[in-house]
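As structure tokens, the structure follows; a few thoughts come after it.
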Amino acid sequence: MTHRLRKISLFIFAVMFILAGCGQKNNSNEIIQIGMTQIVEHPSLEYIRKGIVDALSENGFKEGEKINIEFKNAQGNIENTQLIAKSFDKKDVVVAITTPSAQAAFNNLKDMPIVFSGVTDPESAGLIGKNITGVSDMTPIRKQLELLKSLIPNAKRVGIIYNSSELNSEIQVNIAKEEAEKLGLELEISSITNTNEISLALDKVLKNVDALYTHVDNSLASAYPLIVKKCDEANVPIIAAVDDYVKQGALAAEGINNYKVGYQTGEMIVKILNGEKVTDIPVETLQETELIINKEAVNKYSITLPDEIKERAIFR
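Here it is as structure tokens:
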């Protein structure tokens with residue numbers, strides 16, 4: 013009887029060992045499944061996405077080898093963000109780029125690890141919980157308006173266009189209102205609800221302002237070539253929030269590098285894949301900013317650059 017019990021015990025132990033091994037995905041050859049979602053496609057978000065993938069690859073999680081990334085774009089449709097989130101319910105980790113995509117993931121996937129990126133104000137967006145963390149892309153709005161005053165000292169009225177349905181955009185505009193008042197700048201603000209309204213909003217604003225300020229807004233980013241074209245025609249310089257806008261024609265930006273936002277996000281995902289709990293990884297903000305100047309725009313608008321700006325600027 014004792015011999016028989018010993019054999020049964022060994023059998024049970026062997027089964028438990030096998031089952032335990034099946035639960036350790038990182039210690040097997042099984043591919044880790046990652047779902048990645050973003051609200052829309054534009055250069056700023058593409059840089060974030062590239063940074064994420066590069067960080068994963070450079071830390072031992074190369075796509076097609078240890079991980080598989082399924083990417084879905086909501087095409088600017090909020091309903092699509094919900095559908096995409098629900099379709100990721102069998103993934104190991106979900107990565108959500110932008111506030112709407114992160115909110116959809118958080119609302120639909122309560123127990124899955126979620127890492128967001130490109131979210132301006134996670135707390136105001138309700139993205140606080142035991143299964144979510146990420147990297148904020150909040151930019152230094154006061155610094156950007158101070159840059160505007162340095163480069164265009166005679167500017168009194170500044171235009172802002174924003175999508176009123178984007179929480180992240182509304183938050184930035186409210187900050188801009190406070191800081192502009194402190195700096196003695198008047199704001200001409202026009203709200204939109206989609207990219208189709210940008211052209212008319214620009215026509216309304218540009219005739220009354222000395223400069224246009226473009227913050228982080230997915231609708232603006234999606235139509236940035238149009239914004240640059242309209243401003244060129246109206247002879248109105250643009251001060252921007254991110255370097256991607258300068259690459260497309262804005263005069264200058266004092267802000268964050270979206271690729272670095274993505275890379276920092278990717279490093280956070282690596283921690284989770286290596287076994288760290290989401291609850292042990294706090295939300296981060298990219299602290300480093302860059303001053304980017306568009307040489308062609310400087311010449312076009314006959315801008316005299318202060319020495320302090322010349323010394324620390326990166327020229328495009």
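Going by this note's numbering, the sequence shown opens with residue 13, and the numbers climb by one from there.
Cβ coordinates follow ideal geometry from the N, Cα and C atoms, glycine included.
Three-way DSSP call (helix, strand, coil) for residue i in this model
i	result
residue 313	coil
residue 321	helix
residue 282	helix
residue 328	coil
residue 50	strand
residue 287	coil
residue 139	coil
residue 273	helix
residue 84	strand
residue 226	strand
residue 175	strand
residue 145	strand
residue 213	helix
Among the options, nearest to residue i - alpha-carbon criterion
i	options	result
residue 252	284, 76, 181, 226	226
residue 75	254, 65, 83	65
residue 290	215, 279, 170	279
residue 240	67, 303, 214, 165	214
residue 81	155, 92, 61	61
residue 158	188, 129, 244	188
Through-space distance from residue j to residue i, alpha-carbon basis
i	j	result
residue 84	residue 315	42 angstroms
residue 219	residue 273	35 angstroms
residue 34	residue 118	Residue confidence is low: residue 34 scores 39 on pLDDT, short of 50, so the model does not pin down where it sits. Its coordinate-derived value is still stated next. When rounded, the distance between both Cα atoms is 27 angstroms.
residue 318	residue 163	8 angstroms
residue 125	residue 287	11 angstroms
Run of the beta strand (DSSP E) containing residue i, from where it starts to where it stops
i	result
residue 94	Where residue 94 is concerned, there is no enclosing beta strand (DSSP E), although the alpha helix (DSSP H) it sits in stretches over 90-99.
residue 204	198-204
residue 305	302-305
residue 164	Per DSSP, residue 164 belongs to no beta strand (DSSP E) and is neither H nor E.
residue 131	126-131
Element boundaries [alpha helix (DSSP H), containing residue i]
i	result
residue 73	Neither: residue 73 is in no alpha helix (DSSP H) and is coded neither H nor E.
Supposed close pair residue i, residue j - CB separation, criterion 8 angstroms
i	j	result
residue 148	residue 297	4 angstroms
residue 111	residue 86	Not really, about 12 angstroms apart at Cβ, beyond 8 angstroms.
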